[in-house]
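Residue numbers (the working numbering): 48 to 199.
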């Protein structure tokens, strides 16, 4: 996914970086002796880095928080107690998040347990499950770990 973003955004960011570099050079905001081509490269790479940072924040923090709030009523797993993350597949991508929960959170979620099952190599109680033709998602509690799987 990131390679696709790089292929699409890199030329666009190069177009944006060009006038930024020109303005910095025009108003003498570049350090003395720095060639505009070097400044362009640094600005362009910083912009590409910002795109990837935004992608990482959205994938690791924003999406899981919204998903938990929507299907569990609140966010139980936070970025600080994320123990494992994986994204695999090419066209059929599977995202898996594993959170270590506090005992109070585990007790609160155990009251909401639905059926018990084993999927994706983990056995536990299902808190949320949605399956479609080519996509689905599941939230499962196994001991003191919260598993969130999303596949599409």
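Ideal placement from N, C-alpha and C gives every residue a C-beta, glycine not left out. Computed from a prediction, not measured in an experiment: that's the story for all the values here.
Own chain residues within Cβ distance below 8 Å of residue 72, not counting five before or after: These residues qualify, in order along the chain: 83 and 86.
Measure the CB-CB distance between residue 63 and residue 94 and report whether it falls below 8 Å. yes
Using a Cβ-Cβ cut-off of 7 Å (strictly less than) and excluding sequence neighbours within five positions of residue 176, which residues of its own chain qualify? 185
Work out the CA separation of residue 116 and residue 110 for me, nearest whole Å. 10 Å
What ranges does the alpha helix (DSSP H) occupy inside the region 71-153, keeping only unbroken runs of at least 4 residues that lie completely in it? Fully enclosed alpha helix (DSSP H) runs of 4 or longer: 83-104 and 110-119.
For residue 143 and residue 78, what's the separation of their Cα atoms in angstroms? 45 Å
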